[in-house]
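Scroll down for the structure; my scribbles are underneath it.
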Amino acid sequence: MQIFHNTYIWIGSAYQHFVKELTLLLEGKNAKSTIASLDGVRAIACLLVVGYHLTLVMVQDIHRWSPQQLSPLVASLLYFGDTGVNLFFILSGFLLFMPYAKALLFENAWPSIRNFYIRRALRILPAYYVSLFLMILLFRPDFLHINRLGDLCMFLILFMDSSPTAFKQINGPFWTLAVEWQFYLLLPFLALGIAWLVRLVSKTPPLRLLALIVCLSLVMSWGIFTRYAGVNLTVPSTTTYQQPFPIQLFLFFCYGVPNAGLHGKFLEDFALGMLVSSCFVYAHEVGTDSALRRLLQRFSPLLFTAGLILLLVMEVWKYDLLRPHTWPFFDDKLTLYRYLGEFGWGLGYALCVTAILFGASWLQRPFTWTPLRWIGLLSYGLYMWHLLLLQTFTRLVTVHLLSWNPFV
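Next comes the structure, spelled out in structure tokens:
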């Protein structure tokens with residue numbers, strides 16, 4: 368019995384050491400500065416997208432089941448995973464705006480634009496370019512042809528979401544990296560504009576926070592307006608003729624292509640993340656005396672519940688667009704969803720993220736679970752490669768099953 372006891376203790380100790388070393392390896396030197404629960408939230412965003420693509424493969428490629436076989440509510444749960452990208456954008460807006468929020472609210476040193484661009488480039492470009500050229504060589508060698516040079520350039524400069532012939536080519540999820548990269552390019556200058564307006568108001572943090580909230584509300588409004596304009600400028604009746612060059616520029620930089628799938632630049636979602644970041648920075652810099660902090664801590668369960676309810680409403684609304692008349696209430700609201708749908712998803716996720724950040728340990732604990740955090744820390748590579756690997760695996764399995772004869 369003593370041998371078993373010692374073996375159990377040794378295995379437990381080895382496991383704890385392994386977890387510690389792997390976590391340190393994944394988090395790097397900045398482990399103490401990370402917000403652990405957000406790693407878990409990032410994992411949820413990644414798993415939502417992976418689950419959505421798995422659903423499409425099961426329904427459209429393997430034909431293992433049909434949405435009609437399930438209750439509408441269950442089916443709608445399986446079809447909302449693509450909105451994990453909205454959650455990614457909320458997290459990006461939150462994390463990247465934190466240094467600017469500190470500078471705006473508390474006169475901290477203004478972040479270096481040069482250092483910001485260098486860090487962002489080193490963060491995503493090396494892995495992106497390596498993955499891009501591997502995918503071209505392995506799956507899409509046609510992009511090496513001279514006729515596809517223009518489309519390839521869109522991938523190289525990360526504007527493939529604005530090109531009708533490059534959008535969702537090579538690798539479907541890449542379009543979100545384009546949206547992300549364009550936000551990186553915009554953020555330092557957007558923050559400078561906001562700073563100019565906020566500093567006109569007051570030097571006291573509470574009034575600056577109020578001014579910052581107003582500015583970010585204007586950014587959200589601009590994001591919704593560009594989506595509204597983009598939807599109306601890309602309907603068939605307006606695209607049968609050559610549009611004026613200024614409108615083409617507007618669509619290229621502010622909306623993207625009208626192809627099927629999510630489109631737009633999602634500035635409203637990034638701004639929601641920036642708003643949550645501003646409140647978080649203010650509450651934590653002021654300390655426990657902050658009325659905002661006490662208020663958000665007290666009502667975090669209510670915020671989380673409200674976020675989930677809003678996400679549920681958006682989920683059934685989205686599914687009714689896919690399967691009309693499932694919920695008749697939403698039948699005549701297709702156009703409204705095109706304008707406000709992404710903002711609705713972003714608001715639901717933003718409420719949940721706010722609740723997690725300010726919530727009690729019982730609310731944060733599921734998102735700080737170590738294996739979930741590992742997925743979050745590895746989510747970039749998983750997100751880039753999962754769809755192509757899933758499609759390749761599906762083709763191999765399908766071919767094998769079609770050629771398999773158990774009687775031979």
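Per our numbering, the sequence shown starts with residue 368, numbered consecutively. The C-beta atom is built at its ideal place from N, Cα and C for all residues, glycine as well.
Would you decide whether GLU388 is buried or exposed? Buried here means 16 or more other CB atoms lie within 10 Å of its CB. Residue confidence for GLU388 is low, a pLDDT of 45 falling below 50, so the modelled location carries little weight and cannot support an answer.
Taking all protein chains shown into account, do 16 or more other C-beta atoms lie within 10 angstroms of the C-beta of ALA722, making it buried, or fewer, making it exposed? buried
If distances are taken between C-alpha atoms only, which option among TYR747, PHE464 and LEU618 comes closest to SER349? The chain is shown only over 368 to 775; residue 349 falls outside these bounds and no answer can be derived.
Can you tell me the Cα-Cα spacing of PHE619 and LEU600, whole angstroms? 12 Å
So ASP636 is in the alpha helix (DSSP H); what residue range does that whole segment cover? 634 to 653
Straight-line Cα distance separating THR543 from GLY448: 14 Å
Please go through the same chain and pick out, in chain order, the residues whose beta-carbon is closer than 8 Å to the beta-carbon of PRO691, but skip the five residues on each side of it. ASP698
State the DSSP-derived secondary structure class of SER657, mapped to helix, strand or coil. coil
May I ask which residues mark the beginning and end of the alpha helix (DSSP H) holding ALA403? 403 to 423
In or out: ILE457 buried (at least 16 other Cβ within 10 Å) or exposed? buried
For THR571 and LEU577, the rounded distance between their alpha carbons: 10 Å
Roughly how many whole angstroms lie between the Cα atoms of LEU756 and GLN610? 39 Å
Under three-state DSSP, which class holds GLU709? helix
Give the DSSP-derived three-state secondary structure of TYR446 in the structure shown. coil
8 Å Cβ cutoff met for ARG409 and GLY743: yes
Report the residue from ILE676, ILE429 and ALA562 whose alpha carbon sits nearest the alpha carbon of PRO478. ALA562
Could you check which residue in ASN453, GLY640, PHE617 and ARG431 has the C-alpha nearest to that of TYR467? GLY640
Candidates ILE429, SER459 and TRP684: closest to TRP548 by CA position: SER459
In the DSSP assignment, find the alpha helix (DSSP H) that holds ALA476 and state where it starts and stops. It is not in any alpha helix (DSSP H) - ALA476 carries neither H nor E in the DSSP assignment.
Alpha-carbon to alpha-carbon, SER529 and CYS646: 33 Å
Which residues in the same chain have their Cβ closer than 6 Å to the Cβ of ALA650, if we skip the five residues on either side of it in sequence? SER657, LEU659 and ARG660
Using 10 angstroms around the beta-carbon of ALA545, count the other beta-carbons present and answer buried if the total reaches 16, otherwise exposed. buried
Where ILE591 sits in the DSSP three-state scheme: helix
In terms of alpha-carbon separation, which member of LEU701, GLY715 and PHE696 lies closest to ALA673? GLY715
Under a three-way DSSP split, which group does PHE541 fall into? helix
Hey, how far is the Cα of LEU454 from the Cα of VAL720? 9 Å
Going by C-alpha distance, which of GLY407, LEU415 and THR422 is nearest THR761? THR422
From the DSSP output, in three-state form, read off GLN427 for me. helix
Put TYR750 into one of helix, strand or coil per three-state DSSP. helix
Per DSSP, what kind of secondary structure is LEU525 in: helix, strand or coil? coil
Cut-off 6 Å between Cβ atoms - residues of its own chain near MET751, not counting five sequence neighbours on either side: SER498
What are the boundary residues of the alpha helix (DSSP H) that PRO613 is part of? 612 to 621
For LEU616 and SER452, the rounded distance between their alpha carbons: The residue you asked about is not Ser; residue 452 is Val in the sequence shown. Cα to Cα, VAL452 sits roughly 25 Å from LEU616.
Of all the options TYR622, VAL764, TYR496 and VAL653, which has the alpha carbon lying nearest to the alpha carbon of THR593? TYR622
In three-state terms, what does DSSP make of GLY631? coil
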